[in-house]
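All residue numbers for the sequence shown refer to this note's numbering, where the first residue is 323 and numbers rise by one.
Glycine included, each C-beta is placed from N, C-alpha and C at the ideal position.
Below is one structure, written out as structure tokens, with a few remarks after it.
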Amino acid sequence: MIRNHLPTLITFLPLAGAVLVLMVPSGKIRWIRGVSQIATLPSLVLSVWLFAAFDRTAAGIDGSGLQFVEKAAWIPAFNVQYFMGVDGLSILMVVLTSLLSVLCIPASRSIQKGAKGYFALFLLLETGMLGVFFALDFFLFYVFWEVMLLPMYFLIGIWGGPRKEYAAIKFFLYTLLGSVLMLVAMLAFYFNTQPHTFDMTQIIAQRAAFDGPFWKFIFVLLFIGFAIKIPLFPFHTWLPDAHVEAPTAVSVILAGVLLKMGTYGLYRINFTMLPEESFWFSKEIYVLPALAVINIIYGAFCAMAQKDFKKLVAYSSISHMGIATLGMASFTAHGLNGGLLQMFNHGAVTAMLFLLVGVIYDRAHHRDLDGFGGLAVRMPLYAAISGLAFFGALGLPGLSSFVSEVLCFLGAFGPYRWLTVVSVLGIVITAAYVLWTLQRVFLGPLNPKFAGLPDVDRLEILTLAPLAVLVLFLGVYPAPALDVMARTVESLLQIMGAGS
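What follows is the structure in structure tokens.
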């Protein structure tokens, strides 16, 4: 019984938890936090079950290999369905979203004012994120996509830093623009299918009818909507502001999950429904790979220029999402697998980094990189975990990001040789700012102001340890992650090959 409804349970149990949180008296902050923590755990357990039971031999994309499918009429008058399921494109992101949501509750322990509202909104946000990865009806996908917008707006705008209102409004406007463009594209698909449908598998089956200048225009609308989320240059300017002002846990979710929804949208919608336009956009006019390379180099240089610890990690995310996008744009097995794996690996690594920034900010009450120094003497465990996270971001061999980045570059080298050569320079720049950051924060004489700083405590270790294990395990043995996506990528390549 439970197995037949795993997508629904995983998605909506956090929402049920949000309702319970609202019933707890406002003054009982420990109860609120405890109920919130308990509400996130079932989704994680069920996600792990989903991953373990996932059939690695099924393909997916066109509907033949979708797993754990739930389908029912929702709005019959317009042929809107409650259509949920999972395949190789989404399975890893479901697991990562559930894991990060569990870890973000203890990372939110500094939230005291308005705790009930904060945790209820956070659980609503988790439902929206999980729904996006499960939804296989375009209308349902759009509903979940919009569900994420308001909780994130309020989480930044109410519990953020000094410029929280500005950052929240900027995030809202950019994301709303992308949503409006996506809505236009969704309606275009609906009215050009026979019978009219939002079913993604049916739209994919009729993809041959989507040809001509109009559909190139629709592709661009969808691309802009997803590029804002990734974020790709020049749609990236909302991200550093949102990260700097957001609470630590919200930054973790923003970088670990929400950015990945942009690349996921390209995989799930652009590449499958408009394969010819995808080929045109990438391999004929070279826009997608060129923007990916700009992201890699520009993001890395901007990260190097930062003095704010959190803003440095934010710009590094722009750079590393460029690597995932470059792999995707190659339309090769290596590149598409690498892009999907990079989404997961970057989510884990950047979540660690933002959690670590939160740890030091809670103690020192500032994020100025030049204001630290010598912390390795006072906080050796924190320094060790930070080193692991930063070298994971760098893509050091033996750590998870190395595997996914190599796959992305391998895939891109054939079709975009010179662009790939230029993009690899981003790795050199990344090494420069990573080593410089470690030097400024942890090496040299200890700043006397921080002589009494405590090292990471048990709760902080509990939030960081699962991510550290993932980074190490997938760096040595990435097969479990690659196996779940391999057949789906093969199916995607067949669709895209027909489109080229």
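What is the DSSP secondary structure of residue i, reduced to helix, strand or coil?
i: Gln403; result: strand
i: Val542; result: helix
i: Ala408; result: Here the sequence assigns Val to residue 408, which means Ala is not the residue at that position. Three-state result, Val408: strand.
i: Ala338; result: helix
i: Asp307; result: Within the shown structure, residues of the chain are numbered from 323 to 822, placing residue 307 beyond reach of any answer.
i: Asp563; result: helix
i: Asp690; result: strand
i: Asp684; result: helix
i: Ala457; result: strand
i: Ile433; result: coil
i: Arg355; result: helix
i: Thr449; result: helix
i: Val778; result: coil
i: Gly714; result: helix
i: Val671; result: helix
i: Phe795; result: helix
i: Gln516; result: coil
i: Ile773; result: The question names Ile, yet the displayed sequence has Ala at residue 773. The answer is coil: DSSP assigns Ala773 none of H, G, I, E or B.
i: Phe463; result: helix
For residue i, which option in the options has the closest C-alpha, if you only look at C-alpha atoms?
i: Ala773; options: Gly736, Glu782, Arg700; result: Arg700
i: Phe405; options: Leu789, Ala437, Arg378, Gly453; result: Gly453
i: Glu782; options: Phe400, Gly500, Cys624, Ser430; result: Ser430
i: Leu328; options: Val506, Leu581, Phe455; result: Phe455
i: Val778; options: Leu610, Ala705, Ala636, Phe601; result: Ala705
i: Tyr589; options: Leu765, Ile751, Ala612, Phe548; result: Phe548
i: Gly733; options: Ala787, His656, Trp740, Ile433; result: His656
i: Val370; options: Val402, Trp353, Leu421; result: Leu421
i: Pro517; options: Leu576, Pro776, Phe400; result: Phe400
i: Leu703; options: Arg780, Leu768, Asp692, Gly578; result: Arg780
i: Leu495; options: Pro788, Met474, Val756; result: Met474
i: Pro776; options: Ala698, Ser726, Ala790; result: Ala698
i: Pro770; options: Gly696, Pro484, Pro428; result: Gly696
i: Val763; options: Met508, Ser708, Ser604, Asp563; result: Ser708
i: Gly714; options: Ser638, Leu388, Phe694; result: Ser638
i: Asn295; options: Met818, Gly356, Ala338, Pro535; result: Only positions 323 to 822 of the chain appear in this structure, which leaves residue 295 out of reach.
i: Leu729; options: Gly407, Ala808, Pro336; result: Ala808
i: Thr654; options: Val469, Leu814, Leu458, Pro364; result: Leu814
i: Trp602; options: Trp537, Glu487, His688, Gly720; result: Trp537
i: Leu366; options: Gln389, Glu448, Arg352; result: Glu448
i: Cys624; options: Leu425, His642, Val343, Ile526; result: His642
i: Met650; options: Leu613, Leu796, Met626, Val756; result: Leu613
i: Ile525; options: Gly534, Thr515, Asn667; result: Thr515
i: Gly450; options: Glu468, Asp459, Leu458; result: Glu468
i: Thr330; options: His688, Glu392, Ala531, Val574; result: Glu392
i: Ile354; options: Leu414, Leu445, Ala636, Phe390; result: Leu445
Tell me whether residue i is buried or exposed, calling it buried when 16 or more other Cβ atoms sit within 10 Å of its Cβ.
i: Asn659; result: buried
i: Thr570; result: buried
i: Gly821; result: Note on Gly821: pLDDT 45, under 50, position unreliable in the model; the coordinate value appears next. With 16 or more Cβ atoms within 10 Å of its Cβ, Gly821 is classed as buried.
i: Arg739; result: exposed
i: Lys276; result: Any property of residue 276 remains undetermined from this structure, which presents the chain solely from 323 to 822.
i: His565; result: buried
i: Gln664; result: buried
i: His688; result: exposed
Could you spell out the range, first to last residue, of the beta strand (DSSP E) harbouring residue i?
i: Trp396; result: 389-397
The alpha helix (DSSP H) that contains residue i, what's its start and end?
i: Gln816; result: 801-821
i: Glu598; result: 597-601
i: Tyr512; result: 486-513
i: Arg529; result: Run containing Arg529: none; DSSP gives neither H nor E here.
i: Thr752; result: 739-764
i: Tyr589; result: Run containing Tyr589: none; DSSP gives neither H nor E here.
i: Val699; result: 697-700
i: Met643; result: 631-651
i: Met626; result: 609-627
i: Ala734; result: 722-735
i: Met269; result: Lying before the first or after the last residue shown, residue 269 is absent from the chain, which here runs from 323 to 822.
i: Thr570; result: 570-575
Please decide whether residue i counts as near chain C, where near means a Cβ-Cβ distance under 7 Å.
i: Ala706; result: Looking at the structure shown, chain C is missing, and only one protein chain is on hand.
| Segment contact, 8 Å Cβ cut-off, at least three pairs: the stretch 629-648 with the stretch 683-696 | A contact exists between the stretch 629-648 and the stretch 683-696.
| field | Inter-stretch contact at 8 Å, needing at least 3 Cβ pairs: the stretch 594-610 / the stretch 541-558 | value | Here the stretch 594-610 lies against the stretch 541-558, with 3 or more beta-carbon pairs under 8 Å apart.
| said: Count Cβ pairs between the stretch 739-752 and the stretch 667-676 that sit closer than 8 Å; are there 3 or more? | reply: Contact between the stretch 739-752 and the stretch 667-676 is absent, because fewer than three Cβ pairs lie under 8 Å.
| said: With a threshold of 8 Å, are at least 3 pairs of Cβ atoms found where one atom belongs to the stretch 385-403 and the other to the stretch 423-438? | reply: Between the stretch 385-403 and the stretch 423-438, the count of C-beta pairs closer than 8 Å stays below three; the two stretches do not touch.
| field | At least three beta-carbon pairs within less than 8 Å, the stretch 548-568 to the stretch 409-421 | value | No, because fewer than three Cβ pairs between the stretch 548-568 and the stretch 409-421 fall closer than 8 Å, the two stretches do not touch.
| message | Tell me whether the stretch 363-380 and the stretch 436-443 touch, counting them as touching only if at least three CB pairs, one residue from each stretch, are closer than 8 Å. | response | Taking one beta carbon from each stretch, the stretch 363-380 and the stretch 436-443 have fewer than 3 pairs nearer than 8 Å; the two do not touch.
| contact_flag[the stretch 750-761, the stretch 619-626] where n(CB pairs < 8 Å) is 3 or more | The stretch 750-761 vs the stretch 619-626: in contact.
| request: Specify whether the stretch 497-507 and the stretch 466-485 touch according to this definition: at least 3 beta carbon pairs, one from each stretch, less than 8 Å apart. | output: Yes, since at least three Cβ pairs between the stretch 497-507 and the stretch 466-485 fall closer than 8 Å, the two stretches touch.
| message | Closer than 8 Å is the cut-off here; do at least three beta carbon pairs connect the stretch 336-343 with the stretch 438-450? | response | Touching, yes, given that three or more Cβ pairs across the two stretches are closer than 8 Å.
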